[in-house]
Structures are given as structure tokens and as C-alpha cells.
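Each number in my numbering corresponds to the 1-based position in the sequence shown with 75 added. For every residue, glycine included, the Cβ atom is placed at its ideal position computed from N, Cα and C. Note that the structure is predicted; figures quoted are calculated from it, not measured. Please read the structure below before turning to the comments.
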Amino acid sequence: MLNNKTILVTGGTGSFGKKFIEMILEKYDPKKIIIYSRDEYKQGLVRQQFKDKLDKLRFFIGDVRDKDRLYRAFDGVDYVIHAAAMKQVPACEYNPFEAIKTNIHGAQNIIDAAIDRGVKKVVALSTDKAVNPINLYGGTKLVSDKLFISANAYSGDKPTVFSVVRYGNVAGSRGSVIPFFKDLIEQGVNELPVTDYRMTRFWITLDEGVELVFKALEESKGGETYISKIPSFKITDLAKAMLPEGSMKEVGIREGEKLHEVMITRDDSRNTYEYEKHYIIYPHFEWWNFKKHFTPGGRLIEEGFEYNSGNNKEWLSIEDLRVAMNELGFIPIKDAALLEAAVTK
């Protein structure tokens, strides 16, 4: 699918971008991969990380706000992965116009450049915070998602197809709770702060996030929103897994934070189909043709179904979390019996 193709990744120096580059070079033989981002220092780090593959990599300094630069960068590109965004909730709240310029105007620029340059497919990364948003970051990503889905109606006779991939906080990613707890533990604390004892989250790794993007690149026909089937965990269980002999203190939920991550709303259930390892939300527009755009093998889910981390059927236990974090390099498991028990659980 991606062999001998040119792929561009916006925000390509972030956690997702680096993992995407690593996995695409392992699985495929692309013609070239263009890393499009604003930070020359981070591009230098990526260049060093993949120094043995520089014949496949191209580095473009650019901002998604700059349409002219995007037009230049998209020339001859087959596939675009749009990962660039302002993602930090407090930063978006304090700099709302900047968040709008990047997350909304930037999305429109990506769409225009992709259509006019004849890009085959665009996959845009979304977030659980775009579902029933309660903060500005989520609001801008909701608009961004809507723009990419509706862009399929604007491509006309052009070959460009747009789809969206949605997932929550990636396990162990920068700014997530795991490295936060890890830093506190390394400082010697015996009590971890938990915003709310009822809080739950989905567990998805970078590898799983990239695989979902590969799925969208392979089979999307236009307008789909892809959501992985992934397990949930309780924040209290995470704290116990990381600091078994310690205690917890409930400190109160933060502004813009939800008790549970929501991926599919009840209203979306009427247009959501379940597949073996993922869900697809299909658009409900006149231009969307079921026979033309539907991916075979899906089953329409029951109306009223809501997919959130609190009502999930699959859960990670404390032992499962220790094993998973050990694989990510966050917890060294010295007890072989514990490891074996967790793996076989």
C-alpha cells in the first residue's frame, strides 16, 4: 500500500510522528517521508534518531497556518497524516485565538492544499476531547473533525479522500498521568494525587495508534471516523500499580477534565458500525453513498450505545497495568512470579 509512495506527516517530530516513521520504515518501503513541523531543533533530533534512513526522509520547516508553504510541501505527495495541533488544554484556554488558528484554520489549509495538489488520502488525528467538548481544545478539534469529514464533499472529481482517527491520551505520552506519577515517585513521595477516585481512562499505545492510521490509509473511502477497541483502567488502579506500598489523595477534578473518556456518543450510535478490532462512525450526509463508501464486515451497533472508558467491557487489572508499563519502560518488574501471573491472568 505504501511502498514507493510519498507520505507527509504534519507535526512529524512529535511522539506519534516518530513512532509512525519507525513503523512505516519497518513495514513498508516508501519512496520518501516528509516531516513537516515548526521546530528545527526537534527535526535535528529526528534526523539523528533515523540517521541510517536519511535517504528516505525529507525535513520541511513549516506551519500548518501557512497555506503557501503547505502547497509547496504537498507537491507530489500521495498520503498526508495530519498530527499537528495545539494539544495542551491550559495553553489553548489561555491562547484561544492561537488554538483556533492552528487547529481550525490549519485544518482548512490542509484540506485546500490536499485537494488542489491531488493528494490521494488524508488521515487526520482526533481526540476523545472532541466528543461533547468541555474545553477549547476539544471545541477546536470538533470543528477540525467536521471540516475533514465534510471535505469529502468538496473534493469533487479530485481523487482526495479524507478520514479521521480518534483516540484518547496515549499511554506514557508527554503530559499524561503515567510520567507525572513516575516523576513524583522518583522524587520519593509516598502519596500520589488523584483528581477523582471514580476516574477512568482508555489504554492505547503509540503502536496501536499508528496501526489504526494504517487501517484508515488502507481501507478508507471517505468520511469515516475510526475508533479502536481498547481496554480501560481505573486511575486508582494505576496509582496502586506504580506505588504499591503508597497511598492516594483525592485532590479534585481539574477544569476541562472529564471523569471518563468518551469516544462514541449515543447520538453517533445510529451511524456507527462495529468491526473485529475497531468501530467506524459514518457520516450522515446526502453526499455519502452507503454502497460506495461503506467498508464490508461491519455490524450496526445498538442505538443508544455509548463507548466510554467507564462502561467498557474490557479492563486492565493492577497486574495488567504493571506488565503494560514495564513494556513501556516505566516500571521494572523484578518479581518473576508477579509478571507471570499478570501475563496469564
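Check: Starting from the Cα of Lys107, find the closest Cα among Pro319, Asp130, Pro268 and give me that residue.; Outcome: Asp130
Check: Quick check on Asn79: buried or exposed, where buried means 16 or more other Cβ atoms within 10 Å of its Cβ?; Outcome: exposed
Check: Distance, Cα to Cα, Met112 vs Leu132?; Outcome: Note that residue 112 is Ser in the sequence shown here, rather than Met. One C-alpha to the other measures close to 13 Å.
Check: Taking buried to mean at least 16 other C-beta atoms within 10 Å of its own C-beta, is Pro234 buried or exposed?; Outcome: exposed
Check: To the nearest angstrom, how far is the alpha carbon of Gln118 from that of Phe135?; Outcome: 9 Å
Check: Given that a residue counts as buried once 16 or more other Cβ atoms are within 10 Å of its Cβ, and exposed if not, what is Phe223?; Outcome: buried
Check: Decide if Leu145 is buried, meaning its Cβ has at least 16 other Cβ atoms within 10 Å, or exposed.; Outcome: buried
Check: On the DSSP letters alone, give me the boundaries of the alpha helix (DSSP H) that His335 sits inside.; Outcome: Counting along the chain, His335 falls outside any alpha helix (DSSP H), and DSSP gives it neither H nor E.
Check: Just how far apart, CA to CA, sit Thr88 and Val121?; Outcome: 7 Å
Check: Using a 10 Å radius around the Cβ and a threshold of 16 neighbouring Cβ atoms, would you call Arg276 buried or exposed?; Outcome: buried
Check: Cutting at 6 Å between CB atoms, please list the residues of its own chain near Ala199, excluding the five before and the five after it.; Outcome: His157, Phe223, Val239
Check: If Ile302 and Tyr382 are in contact, beta carbons under 8 Å, what's the gap, nearest whole angstrom?; Outcome: 7 Å
Check: Between which residues of its own chain and Leu267 is the CB-CB distance below 7 Å, once the five residues before and five after are set aside?; Outcome: Phe256, Leu259, Ala314, Leu318, Gly321, Met323
Check: Within the continuous beta strand (DSSP E) that includes His157, where are the two ends?; Outcome: 154 to 157
Check: Report all residues from its chain with a CB closer than 6 Å to the CB of Ala226; omit the five preceding and five following residues, and keep chain order.; Outcome: Ile186, Phe237
Check: Just to confirm, are Lys196 and Tyr242 a CB contact at a threshold of 8 Å?; Outcome: no
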